[in-house]
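Heads up: the sequence shown begins at 78 in this note's numbering, then just goes up one per residue. Glycine residues also receive a C-beta, built at the ideal position from the N, C-alpha and C atoms.
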Amino acid sequence: MSNTPVAVTDAWESLAQVWILSRRARQAASDRELAFMLVNDTQGLAHYRQAALWLQQEGAYSLSGVVQIEANAPYVLWLEAVCTHLAAQAGGPSTTLTSVDLPPHLAAEWAQWWPTHALWLRMDRPGSPDGSAGLLLLRDELWLDAELSVLREWVDAWWHAFEAKHSPRLRTLQAWGARVRQVFERQPGKSWWQQNTLRAAGFLLLVLLFPVRMSVLAPGELVPANPMIMRSPLDGVIDVFHVQPNQTVQAGQPLFGFDEVVIQARLDVALQSLATAETDYRQTSQMALADAKSKSQLALLQGKVNEKRAETDYLNEQLQRARVLSPQAGVVLMDDPAEWMGKPVAVGERILRIAALDDAEVEAWLPLADAIDMQPGAPLSLYLSASPLSPVSATLRYLAHDAVQRPDGNFAYRVRASLSEKTNHRVGLKGTVKLQGDWVPLCYWAMRRPLATARAYLGL
């Protein structure tokens, strides 16, 4: 009989300690603070050497005496395997165990990590987003029934506070499935219009019908809007280039020149022939004063002089055209000049372009699968690869009617757009163009490509 007051006193002290811990749990600022309290402050209810909190969604969540858990540590990996095994076993809320209660591959490492006796306190609630969980307490002595009752009461109170503050990371498909089932689970005692299922369906419908701009992406670049095309003025061989790519030139500045040796030789011969023809004409003119036959030859000789003079003028003009000058101020757009040196070109062959300063626009190539309906004036943006944080805004000028084959073998529609404002980016920079069409529901925007692909494969 003398032990009864002591037992009652111990029971009241344990209940008081549970009440104090429960109040601290309700006042905890975060789930991490709650986890630290569980594995370290439970010592006030029962003595133990080690404690570990395990969550089904996140594995080992907190260890006694450890600030930061190393996820890939051997002990942590073994601990998670043991807890996963215990959670899968049928049993009550409290289970005492030793190494013989584990499978051989897990029991083999028990002595390396743990003392003799363990207590598994299961924590779960149907529909909980955290799934199942458990607290492991380990020590050398046997666990007493009185301790189990007190610990069970404290763990239930702690789990209620933890669920209110913890947001699981949902690392697995099963976790996502549990969260979705919780949202759509029927709630007893509530009318049909108050059910979460109806609210979630209504919210989902509003999201799917939310209007968004139809947009597609296409490769694009900054190109000159009205470039001056410099073509070969004659048949010949390019001898020299006076400019380099992206060089700024002025009107009348030399661009490139042809080999003048052949033209100069022909001009020298033509000049000599002209001089000979003029000499013959003068001599015949003097003889025509007394000789009627010589007078009759004047017209023929005059024709030869005119012919030689015309040939000389033509060769002089060819010599001038062999020195190509810039017709306007601008920037030279061309490939490597060395590739043109010594290359024979024909009349009309394009050599380079002269783009006027501040005369640029956007050119894009729209794939066939992304040819959405767009009207002139539709907005678009060019995100340059060299400057992705400074998009170039433009408005659609025209969308080609026919698709053309690109160098990569794919067909695409040419898109040209006028810049909304001047840009400091140089012509020739490439990037990605975002083209915007009409307003459409979000569901159509998200499902357009999958539906088109399905129809192409299924023939619907």
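Item checked: Inter-residue spacing [alpha-carbon to alpha-carbon] between Arg532 and Ala128 -> Counting from one through the sequence shown, the residue named residue 532 turns up at place 455. Counting from one through the sequence shown, the residue named residue 128 turns up at place 51. The straight-line gap from Cα to Cα measures roughly 58 angstroms.
Note to self: DSSP three-state label for Gly279, please.
What the structure shows: Position 202 of the sequence shown, counting from 1, holds the residue named residue 279. Helix, per DSSP.
Next item on the list: Ignore the nearest five residues each way along the sequence and tell me which others in Ala295's own chain have a CB closer than 8 angstroms to its CB.
Entry: Taking the sequence shown and counting its residues from 1, the one referred to as residue 295 is at position 218. Once the five neighbours on either side are set aside, the close Cβ partners of Ala295 are Ala441, Trp442, Leu443, Pro444, Asp447, Ala489, Val492, Thr509, Val510, Leu512.
Note to self: Tell me the residue span of the alpha helix (DSSP H) that contains Thr161.
What the structure shows: For the purposes of this step, residue 161 is taken as the residue at position 84 of the sequence shown. First-last of the alpha helix (DSSP H) with Thr161: 151-165.
Checklist line | Neighbourhood of Val469 by C-beta distance below 6 angstroms, restricted to the same chain and skipping five residues each side | finding: Within the sequence shown, numbered from 1, the residue matching residue 469 stands at position 392. Cβ neighbours of Val469 beyond the five flanking positions: Leu459, Thr500.
Item checked: Of the residues Leu461, Gly407, Glu438, the one placed nearest Arg474, counting alpha carbons only -> Position 397 of the sequence shown holds residue 474. Of Leu461, Gly407, Glu438, the residue nearest in Cα terms is Glu438.
Notebook entry, point to check: Do the CB positions of Tyr125 and Leu179 come within less than 7 angstroms of each other?
Noted result: Residue 125 sits at position 48 when you count from the first residue of the sequence shown. Residue 179 sits at position 102 when you count from the first residue of the sequence shown. In this structure, Leu179 does not lie closer than 7 angstroms to Tyr125 by Cβ.
Margin query: Taking the alpha-carbon of Leu212 as reference, which of Ser176, Pro181, Ala354, Thr172 has the nearest alpha-carbon?
Written below: Indexing the sequence shown from 1 puts residue 212 at position 135. Answer by Cα proximity: Thr172.
Check: What residues in its chain sit with their C-beta under 8 angstroms from that of Asn303, if we drop five residues either side in the sequence?
Finding: To locate residue 303, count along the sequence shown from 1; it is residue 226. Closer than 8 angstroms at the Cβ level, and outside the excluded window around Asn303, lie Ala433, Asp436.
Next item on the list: Work out the CA separation of Ser464 and Lys507 for me, nearest whole Å.
Entry: Along the sequence shown, read from residue 1 onward, the residue named residue 507 stands at position 430. Along the sequence shown, read from residue 1 onward, the residue named residue 464 stands at position 387. Going from the Cα of Lys507 to the Cα of Ser464 covers about 10 angstroms.
Next item on the list: Tell me Ser292's beta-bridge partners as DSSP assigns them.
Entry: Within the sequence shown, numbered from 1, the residue matching residue 292 stands at position 215. Beta-bridge pairing links Ser292 to Gln513.
Note to self: Please return the same chain residues whose Cβ sits closer than 8 angstroms to the Cβ of Pro518, not counting the five positions on each side in sequence.
What the structure shows: Translated into positions along the sequence shown, residue 518 becomes position 441. For Pro518, where only same-chain residues beyond five positions count, the Cβ hits under 8 angstroms are Leu285, Leu286, Phe287, Pro288, Val289.
Note to self: Using a 10 Å radius around the Cβ and a threshold of 16 neighbouring Cβ atoms, would you call Lys385 buried or exposed?
What the structure shows: Reading the sequence shown from its first residue, position 308 is the one you call residue 385. Buried is the call here.
Note to self: How far does the alpha helix (DSSP H) with Val339 in it extend, from its first residue to its last?
What the structure shows: Indexing the sequence shown from 1 puts residue 339 at position 262. Segment 338-364, the alpha helix (DSSP H) holding Val339.
Note to self: Out of Ile428, Leu466, Asn393, His478, which one is the CA nearest neighbour of Met451?
What the structure shows: The residue given as residue 451 occupies position 374 in the sequence shown. It is His478.
Next item on the list: To the nearest angstrom, report how far apart Ile315 and Gln363 are at their CA atoms.
Entry: Taking the first residue of the sequence shown as position 1, residue 315 is located at position 238. Taking the first residue of the sequence shown as position 1, residue 363 is located at position 286. Using only the alpha carbons, I get a separation of about 47 angstroms.
Check: Can you list, in chain order, the residues of its chain whose CB lies under 8 angstroms from that of Asn117, leaving out five sequence neighbours each side?
Finding: For the purposes of this step, residue 117 is taken as residue 40 along the sequence shown, with counting starting at 1. The answer, listed in chain order, is Ala128, Ser141, Gly142.
Next item on the list: Whole angstroms is fine: what's the gap from Glu224's alpha carbon to His182's?
Entry: By 1-based counting over the sequence shown, the position of residue 224 is 147. By 1-based counting over the sequence shown, the position of residue 182 is 105. Distance between the alpha carbons of Glu224 and His182: 30 angstroms.
Checklist line | Short CB-CB distance (under 7 angstroms) between Ala238 and chain B | finding: Going by chain labels, chain B is absent from the structure shown, which holds only one protein chain.
Margin query: Give me, in chain order, the residues of the same chain whose beta-carbon lies closer than 8 angstroms to that of Ala347; leave out the 5 immediate sequence neighbours on both sides.
Written below: Counting from 1 along the sequence shown, the entry for residue 347 is found at position 270. For Ala347, where only same-chain residues beyond five positions count, the Cβ hits under 8 angstroms are Lys385, Glu388, Thr389, Leu392.
Item checked: Distance CB(Leu98)-CB(Ala105) smaller than 7 angstroms -> For the purposes of this step, residue 98 is taken as residue 21 along the sequence shown, with counting starting at 1. For the purposes of this step, residue 105 is taken as residue 28 along the sequence shown, with counting starting at 1. No, they are not a contact pair.
Checklist line | Ile431 in three-state terms, based on DSSP | finding: As a first step, residue 431 must be located in the sequence shown, where it is residue number 354. Of the three classes helix, strand and coil, the one that applies to Ile431 here is strand, per DSSP.
Check: So which of Pro301, Asp233, Ala399 has the shortest CA-CA distance to Pro310?
Finding: Against the sequence shown, residue 310 aligns to sequence position 233. Distances from the CA of Pro310 to each of Pro301, Asp233, Ala399 were compared; the closest alpha carbon is that of Ala399.
Notebook entry, point to check: By Cβ distance below 7 angstroms, which residues in the same chain neighbour Val153 in space, the five residues on each side in sequence not counted?
Noted result: Against the sequence shown, residue 153 aligns to sequence position 76. Within the same chain, Val153 has close Cβ partners Ala137, Ile146, Glu147.
Check: Taking C-beta to C-beta, are Trp191 and Leu122 nearer than 7 angstroms?
Finding: In the sequence shown, counting from the first residue as 1, residue 191 sits at position 114. In the sequence shown, counting from the first residue as 1, residue 122 sits at position 45. No.
Item checked: DSSP state of Val144 mapped onto helix, strand, coil -> Indexing the sequence shown from 1 puts residue 144 at position 67. Correct three-state label for Val144: coil.
Next item on the list: Please go through the same chain and pick out, in chain order, the residues whose beta-carbon is closer than 6 angstroms to the beta-carbon of Asn80, but skip the five residues on each side of it.
Entry: Walking along the sequence shown from the start, residue 80 turns up at place 3. Because Asn80 sits at a pLDDT of 48, beneath the cut-off of 50, its placement in the model cannot be relied upon, and the point is left open.
Margin query: Let's see if you can read the secondary structure: which residues bound the alpha helix (DSSP H) around Gln120?
Written below: For the purposes of this step, residue 120 is taken as residue 43 along the sequence shown, with counting starting at 1. That residue, Gln120, is in no alpha helix (DSSP H); it is neither H nor E in DSSP.
Next item on the list: Go through its chain and collect everything with a Cβ distance to Val300's Cβ below 6 angstroms, but skip five positions before and after it.
Entry: Position 223 of the sequence shown holds residue 300. Apart from the 5 residues on each side of it in sequence, Val300 sits with its Cβ closer than 6 angstroms to the Cβ of Glu440 in its chain, given in chain order.
Item checked: Test item: CB-CB of Met305 and Pro404 under 7 angstroms -> Taking the first residue of the sequence shown as position 1, residue 305 is located at position 228. Taking the first residue of the sequence shown as position 1, residue 404 is located at position 327. Taking 7 angstroms as the Cβ cut-off, Met305 and Pro404 qualify as a contacting pair.
Check: Measuring CB to CB, does Val409 end up less than 7 angstroms from Gln327?
Finding: Within the sequence shown, numbered from 1, the residue matching residue 409 stands at position 332. Within the sequence shown, numbered from 1, the residue matching residue 327 stands at position 250. It is not a contact, given that the beta carbons lie outside the stated cut-off.
Item checked: Cβ-based neighbour list, Ala158, same chain, cut-off 8 angstroms, excluding 5 preceding and 5 following -> Here residue 158 corresponds to residue number 81 of the sequence shown, with the count starting at 1. Once the five neighbours on either side are set aside, the close Cβ partners of Ala158 are Leu183.
Next item on the list: Taking the CB atoms as reference points, tell me whether Ile340 and Gln395 lie closer together than 7 angstroms.
Entry: Taking the first residue of the sequence shown as position 1, residue 340 is located at position 263. Taking the first residue of the sequence shown as position 1, residue 395 is located at position 318. Contact: yes.
Item checked: Cβ neighbours of Trp235 in the same chain (closer than 6 angstroms, five flanking residues each side left out) -> For the purposes of this step, residue 235 is taken as the residue at position 158 of the sequence shown. Around Trp235: Ala102, Leu115.
Next item on the list: Could you tell me the distance, in whole angstroms, from the CA atom of Leu221 to the CA atom of His237?
Entry: Looking up residue 221 in the sequence shown gives position 144. Looking up residue 237 in the sequence shown gives position 160. About 25 angstroms.
Check: Nearest CA to the CA of Gly313: which residue from Phe335, Val293, Gly329, Gln330?
Finding: Start at 1 with the first residue of the sequence shown, and residue 313 comes out as number 236. It is Phe335.
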